[in-house]
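Remarks on the structure that follows.
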Amino acid sequence: MKPEHFIREYGVDKAREIVEGIPSKYMECYYSTLCYCTKAKKYSDRFNPRIELVNMADLKRLVESFDLIEKLGGYGKCKFYMTGMKLNKCDSVKCPKTGLIVSRAALEIAINDYRESIYGGGENA
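Residue numbers (this note's numbering): 1003 to 1127.
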């Protein structure tokens, strides 16, 4: 299962719970090989490929993107910041509310992750 599909089906809170709930025995495992089975509701790095699996590295990246969007004031505000950076030819933006400085590249990735997870890539923004 693609991580974007997982978030559309189960929500970002469930994704965060799964990412944060990785058992300690897998902490030394590479996230790229660790999966969560939605059917069996367990983690493993030895599953045979199948539709119920979601890769933890990809899911973790999406959760981090959602967190960044939230810290910057939401999707609309992030799009506003991105437009400002493009118009002013800036490489980063500082959120006035939090003081968080984010690179244009990181914000672009977060916006794309958010759009793909929520809208399935179908939003025309």
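We treat Cβ as the ideally placed atom computed from N, Cα and C, and that holds for glycine.
These numbers come from a predicted model, not from an experiment.
Where does residue i land, buried or exposed, given buried means 16+ other C-beta within 10 angstroms?
{"i": "Pro1051", "result": "exposed"}
{"i": "Cys1092", "result": "exposed"}
{"i": "Glu1006", "result": "buried"}
{"i": "Ala1042", "result": "exposed"}
{"i": "Met1003", "result": "buried"}
{"i": "Lys1016", "result": "exposed"}
{"i": "Asp1115", "result": "buried"}
{"i": "Ser1026", "result": "exposed"}
{"i": "Ser1067", "result": "buried"}
Report the three-state DSSP secondary structure of residue i (helix, strand or coil).
{"i": "Lys1062", "result": "helix"}
{"i": "Asp1115", "result": "helix"}
For residue i, which option in the options has the closest C-alpha, if you only look at C-alpha atoms?
{"i": "Asn1057", "options": "Ile1020, Gly1075, Glu1030, Lys1079", "result": "Ile1020"}
{"i": "Gly1075", "options": "Phe1008, Lys1062, Lys1099, Glu1011", "result": "Lys1099"}
{"i": "Cys1031", "options": "Thr1040, Ser1046, Cys1039, Gly1023", "result": "Ser1046"}
{"i": "Lys1044", "options": "Gly1122, Ile1024, Ile1103", "result": "Ile1024"}
{"i": "Ile1053", "options": "Ser1067, Asp1060, Val1065, Tyr1038", "result": "Tyr1038"}
{"i": "Gly1086", "options": "Ser1067, Leu1109, Glu1066", "result": "Leu1109"}
{"i": "Leu1205", "options": "Ile1071, Lys1062, Leu1036", "result": "Outside the displayed span of the chain (1003 to 1127) sits residue 1205, for which this structure offers no information."}
{"i": "Arg1106", "options": "Tyr1121, Tyr1033, Leu1089, Glu1118", "result": "Leu1089"}
{"i": "Glu1118", "options": "Lys1073, Met1084, Tyr1028, Arg1063", "result": "Arg1063"}
Is there at least one Cβ from chain B nearer than 8 Å to residue i's Cβ?
{"i": "Lys1062", "result": "Checking the listed chains, one finds no chain B in this structure; it contains a single protein chain."}
Taking 7 Å as the cut-off, is the C-beta of residue i nearer than that to any heavy atom in the ligand ADP?
{"i": "Glu1022", "result": "Judged by which ligands are present, the structure shown has none, so any question about the ligand ADP falls away."}
(request) Please specify which runs of the alpha helix (DSSP H), each continuous and at least 4 residues long, are wholly inside the segment 1006-1045, giving them in chain order. (result) DSSP runs (the alpha helix (DSSP H)) wholly in the segment 1006-1045: 1014-1022.
(request) Kindly provide the ranges of any alpha helix (DSSP H) runs that are 4 or more residues long and lie completely inside the segment 1054-1105, ordered along the chain. (result) DSSP assignment within the segment 1054-1105 yields the following whole alpha helix (DSSP H) runs of 4 residues or more, N-terminal first: 1058-1073, 1077-1090.
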